[in-house]
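In what follows, a structure is listed as structure tokens, so that the remarks can point back to it.
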Amino acid sequence: MTAEWLLLLAVVDSTFCGYRAAAGRSALIDKRRHYGRAMRRGAAWGFGAVLLAGLAIFLALAASSDPDALRQDLKRAGDRMLQVYMPYAVVLGLAFFARAWPSVDVRSLTSTLVFGPLTLLRVPVLVAGIVWGVMSAPRLVVVALAAFVLTMMLGMERALGRHYRRERETRADAASPARSQPT
Amino acid sequence: MNAGDPEISDLIVSIDSETLTRVPVRKADVAGTFRTRGNKRAAAIVEAMPERDGWLDPDFVDRLLVGVHCEMQRVSEEFQHGQRVAELLHPLLAALREGGVPRPLRVVDVGCGTGYVLRWLAARGGIDDDVELVGADLNLALVDEARRLAAVEGLRVRFVAADVFRLEEPATIFLSTGVVHHFRGDDLVSFFRRHDLPSARAFAHFDFQPSPLAHFGSWLFHAARMRAPLAKHDGVLSAVRAHSGQTLVEAARGGAPGFLCGLYGTRLGPLPIPRSFHTLIGLRADHVASLTRFLGPRASRLGPLE
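Below you can see the structure in the form of structure tokens.
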């Protein structure tokens, strides 16, 4: 289940990357379409990144003189990555659960205590998970694969943001000066 | 950063409050102001802005400010600010209706920017037909964007580039968000003095509440959520400049003695935890009992109105 969990977390993370890349770019009140599209794009890009990672792992296994040993090392590294990523994901999940409560105070608190700080912690957590995973099997091919995955994860939000800036989001909001904001 | 520092957005736009015409701003003067005060970061942000013959490019500044307001709206949405305003506004409106205040009840947003609060109220706030929502700001670029956004969504709200205290159809209730900390010292008292119009029955000004953690919290949120360097700088500085509840109440009571003034929503329920925002309320004396009744369980959030 290690690979499945990592796949799921990667796609969920990139879905929220899509959300954050779109946030603060439309000033309409009803943004369901805006965010829906952004999150679908994030999920698609995340799935693409997962496929690339899978391809890289497949090639590494194919080129390895001892694929079983490499598979075991990758499994061990993946398990340790989950030890870091799962608590982070669980805390966020609980915060979303709490945010369903229709209270301005509760919802504000979830942002103050969880969503804001954990957004800032995302990069250190990503790096920590990779480092902790690689430490269980510190061989060149594992380090290289981990670095490849980390680069994609770290670059996801930035790439989505760049993509977003180039694209006019919706016809209704296309003329917004916010779209050409010099930021 | 200290409370006496101006925000960048205060200095890169200058509008003649009498004629409402845009006054050119010399870039070197603004950057120099920040350098003199030791605020190198703000100076660098200004120096990076495009200029025309030494004057800040007004088109760039307009686009920048519209973009910054869009980012600010994102944070307001995350913190449920529209709902927060609605939860106080509805009891206020009910109290005024019960008091027989002539219709329409005109709610005027002071320094509305791109009009997020009023557009949210118009779209989701359950505002009745006897209420007129009017946003006023001196900056025409922000008002134009507010009008455009309201038109796109077909919202029943009006935006005007005007001095909010000189509207042809004056306010019944003044609202604002993140505005009062821009007024310092005597200007703050003068600001409240201008509320005392015959038509005005109440005001509710929402702003950051100072607390030991406010500065750090504001930094954290602006680092996590904002993109524009100006938004990050001014957002954090806003929390630093925020007035204490006591300062606001004293200024309001001094400037607008025709209102009973007090604070609303300073603490999180019965806990000694300060909310991010607090609200200065002013109300004509004859509506106080009604407001307390219409607030229901939330009346415990209301401090003494004196």
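Taken in order, these protein sequences are the chains called A and B.
So the number in our numbering is just where the residue sits in the first sequence, counting from 1, plus 103.
So the number in our numbering is just where the residue sits in the second sequence, counting from 1, plus 361.
We put the CB at the ideal spot given by N, CA and C, even for glycine.
All values derive from a computational prediction rather than experimental measurement.
Q) What are the complete beta strand (DSSP E) segments, minimum 3 residues, inside the stretch 370-435 of chain B? A) none
Q: Look at GLY474 (chain B) and HIS430 (chain B) and say whether their C-beta atoms are less than 8 Å apart.
A: Translated into positions along the second sequence, residue 474 (chain B) becomes position 113. Translated into positions along the second sequence, residue 430 (chain B) becomes position 69. For GLY474 (chain B) and HIS430 (chain B), yes; Cβs fall inside 8 Å.
Q: Please list the partners that VAL518 (chain B) has in chain A, where partner means a Cβ-to-Cβ separation under 8 Å.
A: For the purposes of this step, residue 518 (chain B) is taken as the residue at position 157 of the second sequence. The contacting residues do not exist; VAL518 (chain B) stays about 11 Å from chain A at best.
Q: With a threshold of 16 other CB atoms inside 10 Å of the CB of THR222 (chain A), please say whether the residue is buried or exposed.
A: Here residue 222 (chain A) refers to the residue found at position 119 when the first sequence is read from its first residue. THR222 (chain A) is buried by the Cβ-count criterion.
Q | Closer than 8 Å to chain A by CB, VAL513 (chain B) | A | Counting from one through the second sequence, the residue named residue 513 (chain B) turns up at place 152. So, interface residue.
Q) Grouping DSSP H, G and I as helix and E and B as strand, with all else coil, what is ALA125 (chain A)? A) Stepping through the first sequence from its first residue, residue 125 (chain A) is reached at position 22. ALA125 (chain A) falls in the helix class under three-state DSSP.
Q) Under a three-way DSSP split, which group does PRO590 (chain B) fall into? A) In the second sequence, counting from the first residue as 1, residue 590 (chain B) sits at position 229. PRO590 (chain B): helix per DSSP, three-state reduction.
Q: State buried or exposed for GLN441 (chain B), treating a residue as buried only when at least 16 other CB atoms are found within 10 Å of its CB.
A: Within the second sequence, residue 441 (chain B) is the residue found at index 80, counting from 1. When all chains shown are included, GLN441 (chain B) counts as buried.
Q.
Measuring alpha carbon to alpha carbon, tell me which residue in B:ALA585, B:LEU372, B:GLU432 is nearest MET410 (chain B).
A. Numbered from its first residue, the second sequence carries residue 410 (chain B) at position 49. The residue with the shortest Cα to Cα distance from MET410 (chain B) is B:LEU372.
Q: Quick one: using the 10 Å Cβ neighbour count with 16 as the cut-off for buried, is ASP547 (chain B) buried or exposed?
A: Here residue 547 (chain B) refers to the residue found at position 186 when the second sequence is read from its first residue. Exposed is the call here.
Q. Is the Cβ of LEU360 (chain B) closer than 8 Å to any Cβ of chain A?
A. A question about residue 360 (chain B) goes unanswered here, because the residues of chain B that appear run from 362 up to 667.
Q. If you draw a straight line from the C-alpha of GLY264 (chain A) to the C-alpha of ALA584 (chain B), how long is it?
A. Working through the first sequence from its first residue, we reach residue 264 (chain A) at position 161. Working through the second sequence from its first residue, we reach residue 584 (chain B) at position 223. Using only the alpha carbons, I get a separation of about 16 Å.
Q) Where does the unbroken alpha helix (DSSP H) through GLY181 (chain A) begin, and where does it stop? A) Taking the first residue of the first sequence as 1, we reach residue 181 (chain A) at position 78. It spans 170-202 - the alpha helix (DSSP H) in which GLY181 (chain A) sits, taken as one unbroken run.
Q | Test item: CB-CB of GLU667 (chain B) and LEU621 (chain B) under 8 Å | A | What you label residue 667 (chain B) is simply residue 306 of the second sequence in a count that begins at 1. What you label residue 621 (chain B) is simply residue 260 of the second sequence in a count that begins at 1. Taking 8 Å as the Cβ cut-off, GLU667 (chain B) and LEU621 (chain B) qualify as a contacting pair.
Q. Looking at the C-beta of ARG128 (chain A), does it have a partner C-beta in chain B at a distance below 8 Å?
A. To locate residue 128 (chain A), count along the first sequence from 1; it is residue 25. For ARG128 (chain A), the answer is yes, since a Cβ of chain B falls inside 8 Å of its Cβ.
Q: Return the residues of the stretch 618-637 of chain B that lie within a Cβ-Cβ distance of less than 8 Å from chain E, sorted by chain order.
A: Here chain E cannot be found, since the structure's protein chains are A and B.
Q | Span of the beta strand (DSSP E), counted from its first residue to its last, around VAL521 (chain B) | A | Within the second sequence, numbered from 1, the residue matching residue 521 (chain B) stands at position 160. Unbroken beta strand (DSSP E) run through VAL521 (chain B): 519-522.
**Q.** Proximity below 8 Å, CB of ALA565 (chain B) to CB of ILE642 (chain B)
**A.** What you label residue 565 (chain B) is simply residue 204 of the second sequence in a count that begins at 1. What you label residue 642 (chain B) is simply residue 281 of the second sequence in a count that begins at 1. Closer than 8 Å, so yes.
Q. From PRO665 (chain B) to PRO635 (chain B), what distance separates their C-alpha atoms?
A. Sequence index remark: in the second sequence, residue 665 (chain B) carries index 304 (1-based). Sequence index remark: in the second sequence, residue 635 (chain B) carries index 274 (1-based). Going from the Cα of PRO665 (chain B) to the Cα of PRO635 (chain B) covers about 17 Å.
**Q.** Buried versus exposed call for GLU530 (chain B) [16 or more other C-beta atoms within 10 Å across all chains shown]
**A.** As a first step, residue 530 (chain B) must be located in the second sequence, where it is residue number 169. Label assigned to GLU530 (chain B): exposed.
(Q) Between ARG274 (chain A) and chain B, is the shortest Cβ-Cβ distance under 8 Å, so that the two count as touching? (A) Translated into positions along the first sequence, residue 274 (chain A) becomes position 171. Because the pLDDT of ARG274 (chain A) is 46, which lies under 50, any placement of that residue in the model is unreliable, and the question is left without a value.
Q: Using a threshold of 8 Å, state whether the C-beta atoms of LEU632 (chain B) and PRO452 (chain B) are closer than that.
A: Locating residue 632 (chain B) in the second sequence gives position 271, counting from the first residue. Locating residue 452 (chain B) in the second sequence gives position 91, counting from the first residue. No, these two residues do not count as a Cβ contact at 8 Å.
Q) Is PRO305 (chain A) close to chain B, meaning its C-beta is less than 8 Å from at least one C-beta of that chain? A) Coverage of chain A is limited to positions 104 through 286, which leaves residue 305 (chain A) absent and any answer about it impossible.
Q. Is the distance from the Cβ of PHE251 (chain A) to the Cβ of ALA159 (chain A) below 8 Å?
A. The sequence position of residue 251 (chain A) within the first sequence is 148, counting from 1. The sequence position of residue 159 (chain A) within the first sequence is 56, counting from 1. Yes.
Q. For CYS622 (chain B), does the three-state DSSP call read helix, strand or coil?
A. Indexing the second sequence from 1 puts residue 622 (chain B) at position 261. CYS622 (chain B): strand per DSSP, three-state reduction.
Q: For ASP133 (chain A), return the contacting residues in chain B, with the cut-off set at a CB-CB distance below 8 Å.
A: As a position in the first sequence, residue 133 (chain A) is number 30, starting the count at 1. Correct list: ALA484, GLU514.
Q: Would you check if there are 3 or more beta carbon pairs closer than 8 Å linking the stretch 487-501 of chain B to the stretch 520-540 of chain B?
A: yes
Q. Given that a residue counts as buried once 16 or more other Cβ atoms are within 10 Å of its Cβ, and exposed if not, what is ASP390 (chain B)?
A. For this step, residue 390 (chain B) is matched to residue 29 along the second sequence. Exposed.
Q: Consider the Cβ of GLY578 (chain B): report whether some Cβ of chain A lies at a distance smaller than 8 Å.
A: The residue labelled residue 578 (chain B) in the question sits at position 217 within the second sequence. Yes, contact with chain A.
Q: Starting from ARG435 (chain B), find everything on chain A with Cβ-Cβ shorter than 7 Å and list it in chain order.
A: Taking the second sequence and counting its residues from 1, one reaches residue 435 (chain B) at position 74. Within 7 Å Cβ-Cβ: ALA126, GLY127.
Q: Could you check which residue in A:GLY139, A:LEU110, A:ARG136, A:VAL230 has the C-alpha nearest to that of LEU154 (chain A)?
A: Locating residue 154 (chain A) in the first sequence gives position 51, counting from the first residue. LEU154 (chain A) has its Cα closest to that of A:LEU110, out of A:GLY139, A:LEU110, A:ARG136, A:VAL230.
Q.
Pull the bridge partners of ASP490 (chain B) from the DSSP assignment, please.
A. Taking the second sequence and counting its residues from 1, the one referred to as residue 490 (chain B) is at position 129. In DSSP, ASP490 (chain B) forms no bridge with anything.
Q) Would you call the stretch 601-616 of chain B and the stretch 239-246 of chain A in contact, with 3 or more CB pairs under 8 Å? A) no
Q | Backbone CA spacing between GLY151 (chain A) and SER168 (chain A) [nearest angstrom] | A | Within the first sequence, the letter at position 48 stands for residue 151 (chain A). Within the first sequence, the letter at position 65 stands for residue 168 (chain A). Answer to the nearest angstrom: the Cα atoms are 28 Å apart.
**Q.** Beta bridge counterpart(s) of ALA563 (chain B) as assigned by DSSP
**A.** Residue numbering aside, residue 563 (chain B) sits at position 202 when the second sequence is read from its first letter. ALA563 (chain B) pairs with B:ILE534, B:LEU644.
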